[in-house]
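Structure record follows, encoded as structure tokens.
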Amino acid sequence: SPLESIAESLEALGVSREETPAFIRQTLLALRGFAGMIWQLESRGDRAAEPVPSGTLIEYLAVRLILDRLAASWILRESLDYRGALADWKAQYKPSAPHAARVRQEQRAFIVFQLAQLLGWEPEMLSRLVPEEWQRLVSETEAFSSLERRRVYHHAFERRYYLQTLDAVALHAKKVRDEGNTTSSSPAYQVVCCIDEREESFRRHLEELDPECETLGAAGFFGVAMYYKGISDAHFTPLCPVAITPKHYVVERPAGKWQALVERWKRQRRAFGTVTHRVHLGSRTFAGGWLAAVLGSLASLPLVMRILFPRATAQLRRFMGDFVRPQVSTELLLERSHPEPGPEDGHIGYTVEEMADIVTGLLRAMGLTQRWSPLVVMVGHGSSSLNNPHEAAHNCGACAGGLGGPNARAFALMANDPRVRKLVADRGVEIPDETIFVGAYHDTCDDRVIYYDLDRLPESHRELFERARASLDLARCWNAHERCRRFESAELTLSPEESLRHVEGRAEDLSQVRPEYGHATNALCFVGQRGWSRGLFLDRRCFLQSYDPAQDDEEGTVLAGILSAVIPVCAGINLEYYFSFVDPTGYGCGTKLPHNVTSLLGVMNGAASDLRPGLPWQMVEIHEPLRLLFVIETTPEVLLKVMAGNPAIRRLVEGEWVFVATLDAEAGTLKFYRRGRFEPYEPTSERLPTVARSLQWYRGWRDNLGYASVAAAAPKADHPRETTAYEC
3 SPLESIAESL EALGVSREET PAFIRQTLLA LRGFAGMIWQ LESRGDRAAE
53 PVPSGTLIEY LAVRLILDRL AASWILRESL DYRGALADWK AQYKPSAPHA
103 ARVRQEQRAF IVFQLAQLLG WEPEMLSRLV PEEWQRLVSE TEAFSSLERR
153 RVYHHAFERR YYLQTLDAVA LHAKKVRDEG NTTSSSPAYQ VVCCIDEREE
203 SFRRHLEELD PECETLGAAG FFGVAMYYKG ISDAHFTPLC PVAITPKHYV
253 VERPAGKWQA LVERWKRQRR AFGTVTHRVH LGSRTFAGGW LAAVLGSLAS
303 LPLVMRILFP RATAQLRRFM GDFVRPQVST ELLLERSHPE PGPEDGHIGY
353 TVEEMADIVT GLLRAMGLTQ RWSPLVVMVG HGSSSLNNPH EAAHNCGACA
403 GGLGGPNARA FALMANDPRV RKLVADRGVE IPDETIFVGA YHDTCDDRVI
453 YYDLDRLPES HRELFERARA SLDLARCWNA HERCRRFESA ELTLSPEESL
503 RHVEGRAEDL SQVRPEYGHA TNALCFVGQR GWSRGLFLDR RCFLQSYDPA
553 QDDEEGTVLA GILSAVIPVC AGINLEYYFS FVDPTGYGCG TKLPHNVTSL
603 LGVMNGAASD LRPGLPWQMV EIHEPLRLLF VIETTPEVLL KVMAGNPAIR
653 RLVEGEWVFV ATLDAEAGTL KFYRRGRFEP YEPTSERLPT VARSLQWYRG
703 WRDNLGYASV AAAAPKADHP RETTAYEC
């Protein structure tokens with residue numbers, strides 16, 4: 003058995019019982035990419051198309067140890083002409099203790115030599131030191147080692163950012179409170195985005211374009227935890243945070259008359275796949291190789307076009323694709339008839355009661371229980387780019403690297419169902435009859451926005467929807483404009499229209515290693531009412547979660563539910579970027595350039611290396627390694643209760659993997675959690691810069707920017723809509 007083989011190998015290698023745990027750990031970590039992937043496939047098989055059976059990691063360890071035994075025996079035999087037992091050789095071999103001590107003495111002497119040079123110590127002065135003084139000197143230098151010095155510098159670096167952030171939050175909240183910008187009137191329409199920090203600029207530009215619009219933020223799976231299979235998908239994909247295991251399944255299917263056509267297309271695609279596979283195998287023969295060489299020159303033409311003219315080629319491909327294969331109208335199989343959920347017919351979907359729970363939970367979490375507008379647009383997000391094996395890292399973190407569009411679409415369908423609304427009203431949340439939800443998807447790479455199920459949109463809402471769509475189209479233009487300042491290949495003088503074309507081209511460029519920067523530069527998460535952060539320039543660095551403490555109870559029940567998803571998701575994203583930056587070849591996967599996709603599981607360098615976990619350098623090169631700061635609109639007492647009831651959150655906060663501060667916006671006070679208690683924070687600044695528009699603050703700059711108040715985004719009732727000034 004594998005366990006018996008492991009025991010035999012350990013005995014043959016001469017590993018004692020005391021050494022066994024460390025030896026096994028180091029054996030697995032020798033190829034930690036493959037070992038980690040096997041463990042994930044074994045422990046979270048629901049997130050893989052082809053999971054592995056239980057015990058696979060043990061089998062992997064057994065094989066590794068057998069190979070280690072054979073390799074060690076061969077090296078000893080060929081290099082040292084040793085043919086005895088490995089355990090006997092290990093027992094005979096003793097590390098050279100005097101050599102190790104001599105190296106340590108030389109290191110100490112060199113450190114003292116460096117100090118003497120820096121501090122101007124003369125040899126005569128050092129010669130007069132007694133042994134006790136030498137011991138104190140050496141102990142002091144070793145106590146403040148290079149690692150400790152870097153730790154102090156890093157803490158100072160983080161502290162500077164936290165002070166600037168807390169100052170900006172306090173000053174902006176005071177400005178909002180003094181100017182009375184938290185309007186109580188109903189907005190013209192509402193847009194709900196993911197908390198993703200890339201949506202911060204998208205929301206800010208939308209609010210500048212149309213101050214009568216209200217934006218909200220929620221974790222991008224929108225409470226719809228599901229296994230999802232799209233119309234072109236071969237397998238179900240989980241769309242929810244990694245910490246959640248879905249129970250429900252949702253399928254996208256062709257609507258009505260399209261079903262027969264889609265089935266025919268699927269058969270044609272399978273046949274085409276079979277033919278191309280056989281052609282691939284045939285190309286390895288002598289005759290097939292000649293044929294492939296001749297036809298390969300023809301196949302190179304579209305490849306060259308994609309590299310030289312990526313955007314134009316993509317548009318031509320879409321046009322021809324729509325001409326040959328028109329867009330299919332689809333629908334979600336969202337309601338099930340059987341009591342138990344599952345992937346089989348009749349078990350797919352949710353019951354009406356489950357839908358009502360999801361809708362009620364999300365609306366209460368965001369504080370969207372009153373001040374309804376006639377139109378609520380639910381915007382999920384994801385990313386698409388060519389030749390990018392790390393594409394999932396650009397997608398929605400709350401969907402575990404999946405696309406959030408299906409979740410937004412599913413939530414909108416649930417919230418529009420009259421039966422669901424009746425149950426939601428029974429739970430205390432009254433959705434007006436005139437309020438309609440629309441699902442949408444925002445691609446954060448090329449900044450396009452697509453909408454779902456518009457055939458269900460009532461005629462009475464068409465005019466308002468067109469107004470919202472026009473503002474969203476302009477917002478994506480200006481969002482692309484702000485994004486382009488980060489790309490060295492984009493001129494700082496680009497217009498919004500040129501910027502949009504630029505990001506569209508990056509998404510379609512086969513040679514582009516930086517289609518977008520993803521979550522790079524993330525450093526902050528604000529949990530609270532949008533009124534306190536609206537109009538604050540956050541430089542695309544802040545996760546934004548909507549929450550109204552006035553609609554929560556004294557125990558913070560709603561807040562606890564929010565933070566149970568938001569803190570692990572945001573902390574996971576932040577720490578992934580943190581470690582991939584500080585150790586780009588260890589915790590990160592190095593540069594993208596030599597990466598090859600392996601078994602559709604991950605990437606490796608060239609043809610022989612470990613699987614490379616973490617993020618590539620091209621995704622983190624502009625990132626600053628700051629641990630995430632959460633600013634939460636609540637009281638210290640409530641937040642302490644939430645931490646006490648959630649071990650995962652408490653471990654992250656008390657272990658200082660993240661930092662938290664509470665905001666009392668009405669009183670204008672902040673408290674920072676440090677060493678087990680909340681300490682009052684006193685702002686160190688008295689003034690926050692103010693600009694009319696975001697453009698005036700970021701234009702001409704490439705690096706990270708400080709905070710500023712943006713007057714155009716203030717939610718004033720008398721603020722005119724000046725969309726003509728923002729045209730692309």
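Residue 3 is where the sequence shown starts when you use this note's numbering, and the numbers rise one by one after that.
Using N, Cα and C, we set each Cβ at its ideal position, and we do this for glycine too.
- Note on geometry: alpha-carbon atoms of Val-381 and Tyr-443 lie some 5 Å from one another.
- For Arg-423, the uninterrupted alpha helix (DSSP H) run begins and ends at 420-428, by DSSP.
- The secondary-structure analysis by DSSP pairs Arg-676 across a beta bridge with Arg-679.
- Judged by their CB atoms, Asp-511 and Pro-649 are not nearer to each other than the 7 Å cut-off.
- Per DSSP, His-237 lies in no alpha helix (DSSP H) segment and is marked neither H nor E.
- Counting only runs of 4+ residues, the alpha helix (DSSP H) found wholly inside the segment 17-105 occupies 22-32, 34-45, 58-82, 88-94, in chain order.
- Following the DSSP letters along the chain, one finds Gln-192 inside the beta strand (DSSP E) bounded by residues 191-196.
- For Ile-452, there is no enclosing alpha helix (DSSP H); the enclosing beta strand (DSSP E) has its first and last residue at 451-453.
- Tyr-164 carries a helical assignment under DSSP once its states are collapsed to helix, strand and coil.
- About 6 Å separates the Cβ atoms of Glu-635 and Pro-551, confirming a contact at the 8 Å cut-off.
- Straight across, the Cα-Cα distance linking Ser-81 with Ala-73 is about 12 Å.
- Glu-202 carries a helical assignment under DSSP once its states are collapsed to helix, strand and coil.
- Taking the Cα positions, Gly-351 is about 53 Å away from Thr-686.
- DSSP, read as helix, strand or coil, puts Lys-231 in strand.
- In this structure, the straight-line span from the alpha carbon of Leu-641 to that of Ala-221 is close to 19 Å.
- Contact check for Thr-362 against Val-426 passes: the beta carbons are separated by less than 7 Å.
- Residue Gly-225 holds the alpha-carbon nearest to the alpha-carbon of Asn-409 among Ala-257, Gly-225, Gln-531, Leu-370.
- Around the beta carbon of Tyr-579, 16 or more other beta carbons lie within 10 angstroms, which makes this residue buried.
- Of the candidates Gly-406, Leu-630, Pro-638, Lys-643, the residue whose Cα lies closest to the Cα of Gly-657 is Leu-630.
- Within the same chain, Cβ atoms closer than 6 Å to the Cβ of Tyr-454 are found at Arg-411, Gly-441, the five residues on either side in sequence being excluded.
- Here Glu-124 is exposed. Its C-beta has fewer than 16 other C-beta atoms within 10 Å.
- Secondary structure note for Arg-508: it is in no beta strand (DSSP E), and the uninterrupted alpha helix (DSSP H) holding it is 498-510.
- The straight-line gap separating the alpha-carbon atoms of Ala-414 and Val-662 is approximately 33 Å.
- The straight-line gap separating the alpha-carbon atoms of Ala-316 and Pro-243 is approximately 32 Å.
- Cβ-Cβ separation between Leu-690 and Ser-711: approximately 5 Å, consistent with a contact (criterion under 8 Å).
- Boundaries of the alpha helix (DSSP H) around Asp-475: 464-486.
- Ile-624 and Ala-37 have their C-alpha atoms some 30 Å from each other.
- When the alpha-carbon of His-349 is set against those of Leu-336, Ala-358, Asp-359, the nearest one is in Leu-336.
- Under the three-state reduction of DSSP output, Ser-513 falls in the coil class, being neither helix nor strand.
- Ranked by Cα distance from Gly-344, the options Ser-513, Leu-88, Asp-48, Leu-173 are led by Asp-48.
- The beta carbon of Ala-567 sits closer than 6 Å to those of Ala-221, Pro-243, all from its chain and outside the five residues before and after it, given in chain order.
- Judged by DSSP secondary structure, Phe-439 falls within the beta strand (DSSP E) whose first and last residues are 438-445.
- When secondary structure is reduced to three states using DSSP, Thr-559 falls in the helix class.
- Looking only at Gly-399, Arg-151, Ser-56, the smallest Cα-Cα distance to Leu-577 is reached by Gly-399.
- Under the 10 Å beta carbon count, Phe-467 is surrounded by 16 or more other beta carbons and is classified as buried.
- In the three-state reduction of the DSSP assignment, Cys-242 falls in the coil class.
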